[in-house]
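Asks: Here it is: the structure, laid out below.
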Amino acid sequence: MNETGPQAGHDVHASGSMVSEPARRHVSGSQKLAVAALVLISSLSLIWLGGRSSTQDEPSQPKPPIVANVEPFRPVPIEVAPEPPAPAEAAKAAEPAPSTPPPPAADDPPPEESPIFAYSGSGQMPNADQRSEDKQNDAPGTADEISNGGDLSGRLKPDIQEPSRATLLPHPDLVITQGTIIPCILQTAVDTNLPGYVKCVLPKAVRGATNNVVLLDRGTTVIGEIQRGLQQGDARVFVLWTRIETPDHALVSIASPGADELGRSGMPGTVDNHFRERFGGAILMSVIQGAFQAAGQYAASSGGGSGTNSFQSNGGQAVETTLRATINLPPTLKKNQGDAVSIFVARDLDFSDVYDLRATAAAPSPQHRERRRNNNAIGG
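If you're matching positions, the sequence shown starts at 1 in this note's numbering and goes up one per residue.
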């Protein structure tokens, strides 16, 4: 027999409890979204209604009208300082009366209504001289504008050259004038790889401007400088001759350029362009690169071209690096010892402080004058 009682209507829970839970109603996802949207709309409605009621309660205040300033601009009147009293009047007056500005006119608006205030630096009116100077500066066609005119006005002005005044040489017999070409024989060989000094010897005597007196005896030495080497395309080297020393130990500074036998600027010589040094390494690297390329083509036909491609690229970079390092080698000029050169005298050489002249007893004509040492000038 089955026992029926009050516990017969209860089910046994999964946890073993005899107490049964009431059945729960499940809410779907769409219902949850609808409830959330309803709550959000209600909140926004309450916020909007509250803000509207607060704006309606506040009384609307009228905005102040904007008053346009239609009055014409009137600057602030400038106070003119009174002129200083005369010395006699200043001595009589016990106390100077304070200067009071003139009262403003009734029609003049106060300074606050003026949109712009203009004040002078010193608070005084410019005098007549200053006004005249300002007018001259502001006037069109001033002297500055005329002098700085266009190209046409500048071209119309002729070049006025002052005449050169002729002068006489005070001691023509003792002067070697500018433009004289002095032949010289090199005592030192020339190599332009590095800057340095050169030396030459005069093979014959050099006379003064009148060709009567020997000023530079045979055997006079000349010292020069080579300040820089050659550049690409040069075939001559520039030599600056600096000092002359005669056999009598007379010294003179010349600062004159070197030339060839015909007076052309610069000293010619044998030029070495260093072709082998400049391009030999690059040619060798090109041959090696060609060998790598041939090997690469052979390897590519055999199926192993990935490694040979790297060899080709590395070979090209090596050729470029080698050529870049050697392409800028400057050429070298060499000139042998004993070669003939010339010195182009660039300034007048005056020997009047070293030598003086005297006429011989046999023939006092200018053609037979002889040179002798000026011991007073030398200090001996």
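Ideal Cβ placement from N, Cα and C applies to all residues, glycine included.
According to DSSP, simplified to helix, strand and coil, what is residue 172?
Replies: On the sequence shown, residue 172 is found 172 positions in, with the first residue counted as 1. Residue 172: helix per DSSP, three-state reduction.
Asks: So, with DSSP's three-state summary, where would you put residue 157?
Replies: Translated into positions along the sequence shown, residue 157 becomes position 157. Coil at residue 157, not helix or strand.
Asks: Helix, strand or coil: how does DSSP classify residue 36 here?
Replies: As a first step, residue 36 is located in the sequence shown; it is residue number 36 there, counting from the start. Residue 36: helix per DSSP, three-state reduction.
Asks: Since residue 193 contacts residue 326 with CB under 8 Å, what's their CB separation in whole angstroms?
Replies: Position 193 of the sequence shown holds residue 193. Position 326 of the sequence shown holds residue 326. With a Cβ gap of about 15 Å, residue 193 and residue 326 do not count as contacting.
Asks: In the DSSP output, what is residue 42 paired with across the bridge?
Replies: Here residue 42 refers to the residue found at position 42 when the sequence shown is read from its first residue. Beta-bridge pairing links residue 42 to no other residue.
Asks: May I ask you to report which of helix, strand or coil DSSP gives residue 299?
Replies: Taking the sequence shown and counting its residues from 1, one reaches residue 299 at position 299. Residue 299: helix per DSSP, three-state reduction.
Asks: Compute the Euclidean distance between the alpha carbons of residue 247 and residue 276, then round it to the nearest angstrom.
Replies: Your numbering for residue 247 matches position 247 in the sequence shown. Your numbering for residue 276 matches position 276 in the sequence shown. Cα to Cα, residue 247 sits roughly 46 Å from residue 276.
Asks: Please report the distance separating the alpha-carbon of residue 205 from that of residue 154.
Replies: Locating residue 205 in the sequence shown gives position 205, counting from the first residue. Locating residue 154 in the sequence shown gives position 154, counting from the first residue. The straight-line gap from Cα to Cα measures roughly 53 Å.
Asks: Which class does residue 228 belong to by DSSP, given the choice of helix, strand or coil?
Replies: Residue mapping note: residue 228 aligns to position 228 of the sequence shown, counting from 1. Three-state DSSP puts residue 228 in coil, outside helix and strand.
Asks: According to DSSP, is residue 217 part of a helix, a strand, or is it coil?
Replies: Position 217 of the sequence shown, counted from the first residue, corresponds to residue 217. If DSSP states are grouped into helix, strand and coil, residue 217 belongs with coil.
Asks: What is the DSSP secondary structure of residue 326, reduced to helix, strand or coil?
Replies: Taking the sequence shown and counting its residues from 1, one reaches residue 326 at position 326. Three-state result, residue 326: helix.
Asks: Exposed or buried, residue 182, counting other C-beta atoms within 10 Å across all chains shown (16 or more means buried)?
Replies: Looking up residue 182 in the sequence shown gives position 182. Residue 182 is buried by the Cβ-count criterion.
Asks: Are the region 339-348 and the region 256-263 touching, with three or more C-beta to C-beta distances below 8 Å?
Replies: yes
Asks: Sort out for me which residues DSSP pairs residue 334 with in a bridge.
Replies: As a first step, residue 334 must be located in the sequence shown, where it is residue number 334. BP columns for residue 334 point to 191, 270.
Asks: Starting from residue 258, trace the beta strand (DSSP E) both ways and give me its first and last residue.
Replies: Numbered from 1 along the sequence shown, position 258 holds the residue referred to as residue 258. Run containing residue 258: 251-259, per the beta strand (DSSP E) assignment.
Asks: Starting from residue 199, trace the beta strand (DSSP E) both ways and give me its first and last residue.
Replies: Counting from 1 along the sequence shown, the entry for residue 199 is found at position 199. Its beta strand (DSSP E) spans residues 196-201.
Asks: Return no unless some Cβ of chain B is closer than 8 Å to the Cβ of residue 158.
Replies: Of the protein chains in the structure, only one exists, and it is not chain B.
Asks: Whole angstroms is fine: what's the gap from residue 382's alpha carbon to residue 186's?
Replies: Lying outside 1 to 380, the shown extent of the chain, residue 382 is not represented and no answer is given.
Asks: I'd like to check one pair, residue 168 with residue 175: are the Cβ atoms closer than 8 Å?
Replies: Position 175 of the sequence shown, counted from the start, is the residue given in the question as residue 175. Position 168 of the sequence shown, counted from the start, is the residue given in the question as residue 168. Cβ atoms of residue 175 and residue 168: not closer than 8 Å.
Asks: If distances are taken between C-alpha atoms only, which option among 227, 198, 215 comes closest to residue 251?
Replies: In the sequence shown, the residue the question calls residue 251 occupies position 251. The candidate whose alpha carbon is nearest that of residue 251 is 215.
Asks: Are the beta-carbon atoms belonging to residue 269 and residue 334 less than 8 Å from one another?
Replies: By one-based count along the sequence shown, residue 269 stands at place 269. By one-based count along the sequence shown, residue 334 stands at place 334. Using a Cβ distance threshold of 8 Å, residue 269 and residue 334 count as a contacting pair.
Asks: Have a look at residue 142 and residue 239 and give me their C-alpha separation to the nearest angstrom.
Replies: The residue you call residue 142 lines up with position 142 of the sequence shown. The residue you call residue 239 lines up with position 239 of the sequence shown. At residue 142, the pLDDT of 48 sits below 50, so the modelled position is not reliable; the number obtained from the coordinates is stated separately. Taking the straight line joining both Cα atoms gives about 53 Å.
Asks: Between the alpha carbons of residue 173 and residue 233, how many angstroms are there, rounded?
Replies: For this step, residue 173 is matched to residue 173 along the sequence shown. For this step, residue 233 is matched to residue 233 along the sequence shown. Whole-angstrom Cα-Cα distance: 43 Å.
Asks: Run through DSSP, which three-state label would residue 235 get?
Replies: Here residue 235 is taken as the residue at index 235 of the sequence shown, counted from 1. Note: residue 235 maps to coil in three-state DSSP.
Asks: What are the boundary residues of the beta strand (DSSP E) that residue 358 is part of?
Replies: As a position in the sequence shown, residue 358 is number 358, starting the count at 1. Start and end: 355-358.
Asks: In the DSSP assignment, the beta strand (DSSP E) including residue 347 goes from what residue to what residue?
Replies: Mapped onto the sequence shown, residue 347 falls at position 347. For residue 347, there is no enclosing beta strand (DSSP E), as DSSP marks it with neither H nor E.
Asks: Below 7 Å CB to CB, which residues in the same chain sit around residue 253 once its five sequence neighbours on both sides are set aside?
Replies: Within the sequence shown, numbered from 1, the residue matching residue 253 stands at position 253. Once the five neighbours on either side are set aside, the close Cβ partners of residue 253 are 242, 243.
Asks: Measuring only the C-alpha atoms, how far is residue 32 from residue 39?
Replies: As a first step, residue 32 is located in the sequence shown; it is residue number 32 there, counting from the start. As a first step, residue 39 is located in the sequence shown; it is residue number 39 there, counting from the start. Their backbone Cα atoms lie some 11 Å apart in a straight line.
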